[in-house]
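Asker: Chains as they are written, first to last, in our numbering: chain A, 12 to 459; chain F, 60 to 451.
1) Which chain F residues sit within Cβ distance under 7 Å of residue 365/A?
2) With which residues is residue 357/F paired in a DSSP beta bridge?
3) Going by beta carbon distance, what residues of the same chain come within less than 6 Å of residue 154/F, once the five residues before and after it are set aside?
4) Under 7 Å, Cβ to Cβ, is there at least one residue of chain F near residue 307/A?
5) With a threshold of 7 Å on Cβ separation, who are the neighbours of residue 226/F within its own chain once the five nearest residues in sequence on each side are excluded?
6) Answer yes or no: does any C-beta atom of chain F fall closer than 7 Å to that of residue 411/A?
7) Less than 6 Å between C-beta atoms, sequence neighbours within five positions excluded: which residues of the same chain meet that for residue 60/F?
8) Where do the ends of the alpha helix (DSSP H) carrying residue 9/F lie?
9) Please list the terminal residues of the continuous beta strand (DSSP E) segment that includes residue 336/A.
10) Counting only Cβ-Cβ distances shorter than 9 Å, please list the residues of the region 100-112 of chain F near chain A, keeping chain order.
11) Looking at chain F, which residues of the region 341-375 of chain A have a Cβ within less than 7 Å of any of its Cβ atoms?
12) Measure the alpha-carbon distance for residue 24/A versus residue 198/F and round it to whole angstroms.
13) For residue 71/F, would you say it is in contact with chain A, using Cβ-to-Cβ distances shorter than 7 Å as the test?
14) By the three-class DSSP mapping on this structure, what secondary structure does residue 427/F have?
15) On the three-pair Cβ rule with 8 Å, is the region 91-107 of chain A touching the region 40-49 of chain A?
16) Using a C-beta cutoff of 7 Å, does residue 391/F count as contacting chain A?
17) Would you list, in chain order, the members of the region 326-341 of chain F that have their beta-carbon closer than 7 Å to a beta-carbon of chain A?
18) Going along the region 381-408 of chain A in order, which residues come within less than 9 Å of chain F, judged by CB to CB distance?
19) Show which residues of chain F have a CB atom less than 7 Å away from the CB atom of residue 246/A.
20) Using a Cβ-Cβ cutoff of 8 Å, what residues of the region 121-138 of chain F are near chain A? List them in chain order.
21) Would residue 208/A and residue 168/A be called neighbours here (beta carbons separated by less than 7 Å)?
22) How would you list, in chain order, the residues of chain A whose beta-carbon sits under 9 Å from the beta-carbon of residue 448/F?
23) Between the region 216-236 of chain F and chain A, which residues of the former have CB atoms less than 8 Å from a CB of the latter, in chain order?
24) Ignore the nearest five residues each way along the sequence and tell me which others in residue 139/F's own chain have a CB closer than 7 Å to its CB.
25) Check whether the Cβ atoms of residue 425/A and residue 232/A lie closer than 7 Å to each other.
26) Pick out whichever of 184/A, 421/A, 330/A, 56/A has its Cα sitting closest to the Cα of residue 446/F.
27) Please tell me whether residue 438/F and residue 342/F are closer than 7 Å, where the distance is taken between their beta carbons.
28) Report the option in 123/F, 230/F, 361/F, 232/F whose CA atom is closest to the CA atom of residue 280/F.
29) Could you give the DSSP three-state label for residue 454/F: helix, strand or coil?
30) Report the residue from 431/A, 457/A, 430/A whose alpha carbon sits nearest the alpha carbon of residue 414/A.
31) Residue 434/A and residue 103/F - do their beta-carbons sit closer together than 7 Å?
32) Out of 310/A, 340/A, 307/A, 305/A, point me to the one whose CA is closest to residue 322/A's CA.
33) My output table needs one value for residue 18/A: the three-state DSSP class, helix, strand or coil.
34) Can you tell me which of the three DSSP states residue 26/A falls into?
35) What span of residues does the beta strand (DSSP E) with residue 69/A cover, start to end?
36) Under a three-way DSSP split, which group does residue 296/F fall into?
This is the structure we're talking about:
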């Protein structure tokens with residue numbers, strides 16, 4: 012067990028974090044998959060509207076790497092496929108059947124599973140449909156099944172403004188989690204690392220064996236796996252590590268043991284707009300409207316993931332594969348009369364120019380309003396103040412904007428944990444996150 | 060609904076009605092920056108976050124820049140009083156508080172108004188031609204410039220100065236955020252070199268006609284040998300006067316106390332770069348000791364001036380708090396700010412001491428380091444890259 016203390020970062024005090032209760036959400040009417048959440052994946056659909064699919068049957072594959080397939084989180088009818096601009100497939104909906112068909116694979120006892128070879132495990136994970144659970148550091152893309160990572164990281168913590176509680180998700184799944192860790196150990200030549208927050212170590216992690224455990228403390232993004240990896244094994248050009256969420260790690264054990272794609276999932280719903288902000292025992296691809304039907308889709312923005320990192324979705328669309336929570340945030344699409352001149356007792360700001368600074372850390376109403384007009388970049392130095400991974404965000408942004416890929420690389424585009432803080436604090440309202448994310452995609456395209 | 064009152068709702072509706080006139084294809088399309096400036100002045104716009112970061116900090120550039128104006132208030136108010144006080148005291152008239160403020164305002168307000176009007180015209184013109192928003196940074200520039208001018212400066216020179224500052228100091232580089240030099244100081248430097256008779260010497264600092272009064276720096280520069288503090292005392296300047304700012308000089312910069320109050324506002328709100336302020340003070344002290352150490356018995360009194368005097372007199376405090384910290388022209392990196400501020404401090408004292416023609420070295424020191432800020436940043440960025448390369 013090693014401890015890390017992250018000094019830089021910022022806790023945005025938000026209202027409406029999910030409480031510690033875990034309730035059964037019942038079966039949703041439909042589930043959904045979003046092909047646009049996978050970086051660099053060009054989806055090729057394997058089903059059509061009107062097809063009947065079983066749970067675990069592939070819905071689409073990557074055009075470039077056809078072995079990477081994303082499977083259906085439920086059995087039933089492919090009722091709707093939504094396309095965005097340029098016919099890019101955005102959402103695939105599956106109406107669940109009364110009796111769901113399930114794609115069956117070979118099952119292994121835990122002991123058998125532990126004696127599988129690396130190649131066999133890779134084969135199983137690709138077949139079952141769990142391969143996309145892995146992402147690489149740097150750049151967060153689905154890894155190449157041929158490659159061997161230098162380490163695998165399991166993220167079992169979250170301290171963003173509306174955190175998810177991994178202890179709830181792993182309770183009762185200790186054996187699957189352990190089996191998952193053991194399988195991960197086969198996949199890498201290095202070690203398996205499990206990252207948690209100090210003082211919030213889920214029991215399943217505390218009793219886990221055959222892994223390195225790390226406890227982090229400090230402000231957000233101390234609980235974000237992308238940032239944690241930077242501290243344990245910072246990016247090297249010759250190094251690739253993989254990471255996945257602790258819940259996916261337990262699913263790995265489950266899938267190999269049961270021989271089927273695991274569809275159960277613990278999901279949090281948080282945010283000021285949420286009516287029942289709590290944790291739900293439900294399934295993959297569940298729509299937010301099923302978990303918290305009372306939350307108004309007109310007044311709120313539904314986000315799959317956290318308020319600083321998630322993807323905006325419609326309320327009927329499903330939870331992303333990498334997400335374990337919905338954030339329901341009030342839309343701030345209303346003007347405010349002379350808002351910038353007011354004392355601002357209820358305006359959240361990391362600068363201390365509003366009266367709310369007298370109550371530091373007090374959660375305040377926060378909606379999606381930009382909080383001002385977009386302006387030229389002014390070097391206030393606040394980005395450096397909040398960046399946890401020792402990059403100079405403003406300089407990096409400039410390098411990306413002038414298409415200087417080499418400079419962007421040396422300025423640490425690979426280190427960026429994409430935590431969203433520099434975008435959040437920017438007084439010029441510049442989309443740092445988008446710029447850096449586009450820079451990464453551009454970089455990867457250029458590298459091939 | 061954030062608009063709680065019917066009046067504000069009606070006003071917003073008016074803006075919505077007028078918007079098509081100013082947007083693409085509208086009759087006044089070209090004037091959109093003016094519309095946008097009005098709109099965002101009255102309303103925080105209803106724009107919402109795009110991308111993956113769905114909640115944003117309430118701070119915007121308007122608030123940022125107006126916080127600087129708030130921090131300038133002590134200097135403005137003190138300056139207004141002091142201009143009147145210096146005038147009435149020189150004329151031997153009673154120096155009541157209201158009388159001082161009144162006389163000060165009489166001299167100061169026209170200069171501030173002209174500065175805002177002339178500079179504002181350029182700002183809006185460039186916004187329209189270059190199709191960008193009117194940048195709030197001008198609110199600060201337009202106020203900083205009058206505060207570093209003598210109260211006797213003719214208004215047309217104020218207009219010429221701020222025009223030079225805004226156009227050559229900022230807009231030719233591409234506008235706010237792209238300029239290399241601090242626009243307010245560029246304006247001052249322009250007036251200083253173009254019209255030296257109105258910007259230096261002993262006659263310009265008092266608002267009373269025909270009355271001359273040397274600034275403490277001029278007194279120190281003119282004296283000889285280690286007795287400089289006595290020479291200042293002889294001219295009627297105590298350290299207390301210098302700290303409070305009861306001395307003739309540019310309108311808003313004389314009071315170290317007022318600057319200190321402003322610094323507190325800037326640091327407490329997180330708007331001003333405390334690293335620059337601290338390191339510039341350190342630089343000034345180091346520079347002062349350095350000069351003391353090399354001063355001979357016959358060298359100019361300013362070589363012998365104790366370091367804490369350097370911080371109190373002239374534009375040091377004002378430059379340190381408001382000018383050197385301009386986020387656009389200063390070094391952008393944290394480490395860079397330490398180096399940048401320190402060098403300004405040393406350089407300001409150096410210029411004061413070794414070049415008696417420019418007793419006010421702070422302006423030149425800041426402009427000089429403005430030019431070097433990108434270089435400092437370059438080395439800091441290289442250092443960051445090197446740290447990273449050491450592990451990749």
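Quick reminder that beta carbons are idealized off the backbone N, C-alpha and C, glycines included.
Note that this is a predicted model, so its numbers are computed, not measured.
Answerer: This is what the structure gives:
1) Think of a sphere of 7 Å around the beta carbon of residue 365/A: the chain F residues whose beta carbon falls inside it are 117, in chain order.
2) Bridge partners of residue 357/F according to DSSP: none are assigned.
3) Leaving aside the five residues that flank residue 154/F on each side, the residues in its chain whose CB is nearer than 6 Å to its CB run, in chain order, 144, 147, 148.
4) Between residue 307/A and chain F, the shortest Cβ-Cβ separation is not below 7 Å.
5) The answer, listed in chain order, is 181.
6) Residue-level contact check: residue 411/A does not touch chain F, since none of the beta carbons of chain F fall below 7 Å from its beta carbon.
7) Here the model assigns residue 60/F a pLDDT of 43, short of 50, so the residue's position is not dependable, and the following value carries that caveat. No residues qualify anywhere along the chain.
8) Limits of chain F in this structure are 60 at one end and 451 at the other, which puts residue 9/F out of reach.
9) Segment 336-341, the beta strand (DSSP E) holding residue 336/A.
10) Residues passing the 9 Å Cβ filter: 100, 101, 102, 103, 104, 105, 106, 107, 108, 109, 110, 111, 112.
11) The residues in question are 342, 343, 344, 345, 346, 347, 348, 349, 350, 351, 355, 358, 359, 360, 361, 362, 363, 364, 365.
12) Cα to Cα, the separation comes out at about 32 Å.
13) Judged by the 7 Å Cβ criterion, residue 71/F is in contact with chain A.
14) Assigned with DSSP and collapsed to three states, residue 427/F falls in helix.
15) Enough Cβ pairs lie closer than 8 Å, so yes.
16) For residue 391/F, the answer is yes, since a Cβ of chain A falls inside 7 Å of its Cβ.
17) For the region 326-341 of chain F, which is checked against every Cβ of chain A, the residues closer than 7 Å are 327, 328, 329, 330, 332.
18) Within the region 381-408 of chain A, the qualifying residues are 381, 382, 383, 384, 385, 386, 387, 388, 389, 390, 391, 392, 393, 395, 396, 401, 402, 403, 405, 406.
19) Ordered by position in chain F, the residues that pass the 7 Å Cβ test against residue 246/A are 451.
20) Here the close residues are 121, 122, 123, 125, 126.
21) Between residue 208/A and residue 168/A, the gap from beta carbon to beta carbon is short of 7 Å.
22) The contacting residues are 421.
23) Residues 234, 235, 236.
24) These residues qualify, in order along the chain: 160, 163, 164, 167.
25) With respect to the 7 Å criterion, residue 425/A and residue 232/A are not classified as neighbours on the basis of their beta carbons.
26) Taking only the C-alpha atoms, the option nearest residue 446/F is 421/A.
27) Going by beta carbons, residue 438/F and residue 342/F fall outside the 7 Å limit.
28) Looking at the Cα atoms, 361/F is the closest of the given residues.
29) One cannot answer for residue 454/F here, as it falls past the ends of chain F, which runs 60 to 451.
30) If we check each option's Cα against that of residue 414/A, 457/A comes out closest.
31) Between residue 103/F and residue 434/A, the C-beta spacing is not below 7 Å.
32) With distances taken between Cα atoms, residue 322/A lies closest to 340/A.
33) Here DSSP, grouped into helix, strand and coil, assigns residue 18/A to coil.
34) Taken through DSSP and simplified to helix, strand or coil, residue 26/A comes out as coil.
35) Going by DSSP, residue 69/A is part of the beta strand (DSSP E) stretching over 69-73.
36) Reduced to three states, the DSSP call for residue 296/F is coil.
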